[in-house]
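Chain order of the listed sequences is A and B.
Numbering (the numbering used here) for the first sequence: 1082 to 1880.
Numbering (the numbering used here) for the second sequence: 59 to 366.
Remarks on the structure that follows.
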Amino acid sequence: MKNGNYYFISVIFMFVAATSNVVYANITATSDSNECATCHVMWISDFQDKSVETLIPYNPQPVELSGKQNGVASTERMCFSCHDGYILESRYRWREGRHNHPVGQKVPKKIKIPKKDGKETFPLNMDKKVYCGTCHSAHGVDWGQNRSAIFMRAVNESSNMCRACHKERATGSRHGNHPILNRIKRLPENLKQAGAKIGPQNKVVCESCHRQHGAPADKLLVLDNSQSSRLCVSCHKDKKSMSNTKHDMNIMSPDLKNSKKQTAVKNGLCSACHVSHDAKGPKLASIAAKQGADPLEANCVNCHNDSGVAKKAAIGRHSHPINVNVNKLGIKVTDKQWQSDSVLVEQIGQMVSLPLYDKKGHSVKGGTQVACGTCHDPHNWSVKEKHQNTESVSAERIRALRGNGNNSFLRIAQGMNSALCTNCHIDKLAIKATKHNPRNVTGEMAEMMHPKRQSESSEDLNDGLCGTCHKAHNGKSVNMWAREVNLEKGNVVIERLCNDCHNKESVAKGKLTGTHSHPLGITLQKMKGHNKLPLFNKEGERTKDKNGRIDCATCHNVHQWDPLDIETTAGAVNEVDGDATNSFLRIPSTATKEMCIECHTDEQYVAGTEHDLNISAPDAKNKFGQTVKQSGVCGQCHAVHNASTKTKLWARKLGKANDPIDLYCRSCHQKGEIAGSKVIPAERGTHPKDVLVWSSDIRDKAGRHHQGKKFNIPVFNRLAKHDNVGQITCASCHNPHKWNGRKKQKGPAKKTEGNANNSFLNVTNTENFVCSDCHGLDGLFRYKYFHSPSSRKKHRLYE
Amino acid sequence: MQLLNRKIAVLCFFAGCLLYTAILNAAIPTKKIIPLYTLTGTAGMHLSKPSDISVNSRFVYVVDGDNNRIVVYNKKGQYIKQFGRFGHKKGELNYPVGIGLDSEGYIYVADTRNHRIQIFDENGDYDRMIKVNIAGNPVRPVDVVVADDNSKIYVTTKSNKILVYKQNGKKIREIGRTGTDKGEFRFPATITTLSHGRIAAIDILNFRLQIFSDKGKYSYQIGSFGVRAGQLIRPKGVAVAPGGDIYISDSYMDLIQVFTNKGRFLHVLGSEGKPYKMTAPAGIAIDQQKHLYVTEVFANRVSVFQLE
C-alpha cells in the first residue's frame, strides 16, 4: 500500500474517532429488531458487548420460572414508562396509598392457577411468586379465547382472567359469594368514575367492585367501603337508608365483628350482616348461624337474642312463626305476585307481595316460606316516615329510639288497620267490624282496651287493630299475646287470655262466661265425635294430638263475628248482643248445623224431635230470651256460658221437683210450660224415690252383660250425676236427645205422639224394655200407672 | 524517508484504531448537578404523579396530574397556591399532562382527558380554552408550548400530530402523522421552543427528539433507541438551557442527557462519574438561573438542581 494511502486511512480513522460520539446520536431510531426491545430492554445486544459502556446496568430480573425468557419486561417501572399519562393514562393506578394486586407473593393454596400440559397458564416468576408478568404480557396465552388481549395474558372481558385463578370467589350467592354475571341496568356513574367496569350486556363482574391497580381501598375495592358502605349502596341504592338507623352498627355497636373480624367502622355498615365472599349463610350472611337455628331467621337472631348485641330487641319465645307456608293462609303466589280469593281483599285494596323464601332461607321465585325478611326490611327503618329516617338524627337519639308499628323496619306500616298483619292474615281483617276492634269500643272502654294500660312494664306500643291483643315478638303468651296474662283468670291458657278482657273489671265486663260455663281443659276422649274444631295442648298451642284439650278458641274465632258472613258489620256495634248464629262462633247454629254436635255427636239426633223446639215450640225462649232460631236447638236447653246449673249447663228456668234430674225435665214438662201437655204427675208419676237401684252392669248392643264400665240403666245420685247406686229418674229411661232409642236417626220433624218404641226411651240400655229389666212383664202396667192418669186404676198392688 | 513515512502512517493508523477503541470504551461523560430542594406538594395533599413543569422568572408551575391540579411555588420552593380540581367544567381538569407559559404570565395546561387546552391567568383564574380536535374529532393533548412572541401555540397530541393554533384558538397547521420516518411520530410528548422560532418535540416510541422549523418542516432529530450514551429508551421531557444545550429526560433509564443544539451528545447529568439516578423523570424545565426542575413522576416529587 502506498504511503499516501496509509495517511489517508489514518486520517479517516482519527476523524471518525474524534467525532465518534456523534455516531451515538445518529443511530437510526428504530428498526424491526428494536420492537421487542422496546419492552425487553435487557435484550439489547450492547449489554452483552463488554466493550460498550451502557447508561444502565444489565439486570434481567425478573426471570420466569420456566427459565426460558430473561429480561422479562413486565416490571412495574416498565409498565409505568408508558402508562404515566404521556402514552396512556394510568397514573391513578399508582396513586400513593392505593392498593394493587399483590405481586412478589406466593400463591395461596385456595387459589388454583389453571394449567395446561402441566404448566401454569399464567406464569409465576423463578421464585414461584406472582409478578406483573403473571397477568401482563405482550404475548397472550393459549386459553381458548378467540381474540387477543392487549398487554394482558388473556382477555379479561367478563373478569375471565380474575375468575381463572380466583374461582372460589365466583361461585355465586348460593355458595357464599356476591353474584356475578347478573345483568344490571347500568354501572352507576360514581363507580365508573372510580374505574369500575361492567361486563358485556351490562353484567356484573369482578371488576365492577375491584380494581387490580390503584384501588383506593383495601381488598382492591374501587371505592372506600368503610362506615357508609359507599361501594355497596352505589348499586344497592335502596339499602342506603339503613345508614343512621338502629341497624347501623357504626352507631349501635362499633366494635361488633362479623366472622371475618370486620367491623362496620372499617368495612362498612353492610358488613355487620353481609360479606361479598366467604359468606356463612343465605343472603351472604357475615355471621354463621347459631347451631340449630332456623335458616330463615338465623341472620337476625344472631343479634336479636337474649345475649346478642340486640338483646333489648330479642324476639322472645312467643314470636310470629317463621318457616311457615303462606299457602296455608289461602295466598297464592305466582311470579312473586300475591293473590287471595278472600272477599276481604277489596278492603285492603291490593295485596302487597312480600318476599318469601325456600326452606333454606334463600329468596327464590317459588319461595313460599315466611321469614323475618317477609315482614321486615332491615335496611329501611320506616316506610311511612321515610324522610324522618336518617341523617338529621343524632346517634344518641337513634340508640334511644323505640320503634312502633309504623317503623321498626317493617315493610308495611301497620297503621290503624294493622296493614302488615292483614296483608297475610286477610281473613282476620273481619275483626275490624266487631267489638274486638278497639275503635268500635268507645269511651272508657277503649282506653281500657289498650295493652299499654295493662302493665307498667310493657315497653312496646303496638298500634293498630291487631296490636290490641297481639305483638309479633316478645308476646307474653301463646298467640303472641300482647296483654298481661293473669294465672288467676282461668285454668287453661286461652281462657286466661280471653278473661283479660272478659272479667268484671275490664272492658268486656258485660260479657262474662259466668259461674257455670262449658268445661275447658278437657279432652275429647270420652266423646265419640270426630272433632274438626281446634284443640290445644297444655301450653295453649294448637295440637292435633288426640289428647288435645278444649279451650275458648275451640268454639270461638275471635276475629270473625259471623261465621257465615265475613264481611258483616253487625258485630261492630258496641251494644250488640250475639246469639248462636254469630258471637264469634266457628260454626253457627242453623237449621241443619249445630256446633255442639261437632263433639257431642250422640246428641245430634235431637234434631227433628219434639225436643227440637223448631218443631214443637219455635217461639219459646230460653233464660236469655232467645228463641230456638237464635239459640240453636241445643241452646234452648243448654247454655255454654252463664248457665243456671253446673250440671247440664241448663239454659232454662228449672222446674219444680224433688228429683235432681226431674228438675230439668220439668222446665218444660209442667203445666204452663211449653210441654205442658206432656206432664207426669209430680208425686206419683215418677219412680219411687226411695227405691235405690244398683246399676253397674253393662250390656252391649246385643244385650250381653259386661261387668264394669257402663251403667245398664243409668241411675242418679242426689247430685244428679251417674252413680253405681241411685234413683231411677227421667234420664234413667229417657234419652232426651234421641226419639227412637234403637235407631240413630233424627226425629220425624213434626209433632208426633210416641209409643213404647220411641218417645225418647233409652231402650239400648235394656235387654227388652226399661221397666221389664226389673219388673218383668209387670213393667208395662207400672209404666202406664205412672205415666197415664187414665190408666191409673186402683189396684191392690198399687196404693 | 519513504520508510519513515510508511512507519508514521502505520502508527497513525493504529493510533486511530486505538483512539477509536478507547473512545468506545471510555466512561460515559457526566456533569455534576447539585441538588437544591424538592417539592412534594401541599395544601394538605401530596403531589401524585406530577407529569410536567414550567417556570418563569417568578414562579414554578407543577402539573399534579393525579390530583387534577396545578400547584404553584415561588423560586424558593415555597408553596403559593393551587388551582384546578377534577371535572369537566371551565377551570376543572381531568388528568392534565403538560403545561406551558407565555411571556404575559398566562398558564397553558394540556387538559388531556377533557380534550382541550385551558388557559389561566397568572392568578390561576380561568381565562379561556382551546378545544383540541382533528377533523372534528376530539383528541387528547399531551403538552403545550407558546412561541416566544406569543403568536402561536403548539400542542402535541396522542394522535401523533402537533397542532398549531393562533392565540384566538384557530388552528393553522397540523404537523406530522403516525409513523417512524422523519417528521412522523409515535406518541409525541413534551415540546419546547428553540431559537429562530423552531420547535422541538419528544417522540417517545421513536426514541428521539425531532426539531422542526417555524413553518413545521422537519429539520433534524436527536437520539435513537438504545442504552448507550446519547441513546434513549423512554424520552419524556425536553428543556433548553440558557446556553442553548438541550436536556432530555428518560423516564425508564432514570436520567437526563444533555446534547448540543445541533444534537451532539455532551454528557449525562450525574456526579462522581455516574449518572444521577432519578425516579422516572418526565417533564423538565430550566430557568435563567440554571436551575433544573425535574418532575420525578414515580416518586411523586419535583427535584430542583443547580446546573454548573
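Glycine included, every Cβ here is placed at the ideal spot set by N, Cα and C.
This structure is a prediction, so every number in the text was calculated from the model and none was measured.
Apply the 10 Å Cβ neighbour rule to residue i and answer buried if 16 or more other Cβ atoms are within range, or exposed otherwise.
i, result
"A:D1859", "exposed"
"A:P1260", "exposed"
"A:S1367", "buried"
"A:N1206", "buried"
"B:N181", "exposed"
"B:P339", "buried"
"B:M103", "exposed"
"A:M1561", "buried"
"B:T215", "buried"
"B:Y95", "exposed"
"B:S361", "buried"
"A:I1794", "buried"
"B:P246", "buried"
"A:Y1139", "exposed"
"A:L1800", "exposed"
State the Cα-Cα distance for the pair residue i and residue j, rounded to the nearest angstrom.
i, j, result
"A:T1455", "A:K1361", "21 Å"
"B:E366", "A:A1275", "45 Å"
"A:P1669", "A:F1797", "33 Å"
"A:D1439", "A:N1241", "31 Å"
"A:S1423", "A:R1577", "31 Å"
"A:H1681", "A:L1365", "55 Å"
"A:S1748", "A:K1607", "28 Å"
"B:Y334", "A:L1268", "47 Å"
"A:A1251", "A:V1286", "9 Å"
"B:N350", "B:G341", "According to the sequence provided, residue 350 of chain B is Leu. The question's Asn does not apply to it. Their backbone Cα atoms lie some 11 Å apart in a straight line."
Using DSSP with H/G/I as helix, E/B as strand and the rest coil, what is residue i?
i, result
"B:I291", "coil"
"A:D1859", "helix"
"A:V1211", "strand"
"A:E1754", "coil"
"B:A340", "strand"
"B:N132", "strand"
"A:S1334", "coil"
"A:H1637", "strand"
"B:F283", "strand"
"B:N63", "helix"
"B:F72", "helix"
"A:Q1186", "strand"
"B:A168", "strand"
"A:A1296", "strand"
"A:S1388", "coil"
"A:A1500", "helix"
Assuming residue i is part of the beta strand (DSSP E), what are its boundary residues?
i, result
"A:K1570", "Note, A:K1570: premise wrong, no beta strand (DSSP E); not H, not E."
"B:K89", "88–97"
"B:K224", "220–224"
"B:G328", "323–329"
"B:E354", "349–354"
"B:A259", "257–261"
Along the chain, where does the alpha helix (DSSP H) containing residue i start, and where does it finish?
i, result
"B:M187", "Element bounds for B:M187: not the alpha helix (DSSP H) but the beta strand (DSSP E), 184–189."
"A:Y1921", "Lying outside 1082 to 1880, the shown extent of chain A, residue 1921 of chain A is not represented and no answer is given."
"A:L1272", "1270–1274"
"A:I1479", "1476–1481"
"A:L1312", "1311–1316"
"A:G1442", "It is not in any alpha helix (DSSP H) - A:G1442 carries neither H nor E in the DSSP assignment."
Mind pulling the chain D residues with CB within less than 7 Å of residue i?
i, result
"B:A247", "Any reference to chain D falls outside this structure, whose protein chains are A and B."
Does the structure place the segment 206–223 of chain B close enough to the segment 189–197 of chain B that three or more beta carbon pairs sit under 8 Å?
yes
Does the pairing of the segment 1812–1822 of chain A with the segment 1660–1677 of chain A give three or more beta-carbon distances under 8 Å?
no
The segment 1297–1316 of chain A touching the segment 1165–1182 of chain A, judged by at least three CB pairs closer than 8 Å
yes
For the pair the segment 1590–1608 of chain A and the segment 1719–1732 of chain A, tell me if three or more CB-CB distances fall below 8 Å.
yes
Check whether the segment 101–116 of chain B touches the segment 154–168 of chain B, counting contact only when three or more Cβ pairs, one atom from each stretch, lie closer than 8 Å.
yes
Does the structure place the segment 1272–1289 of chain A close enough to the segment 1379–1396 of chain A that three or more beta carbon pairs sit under 8 Å?
no
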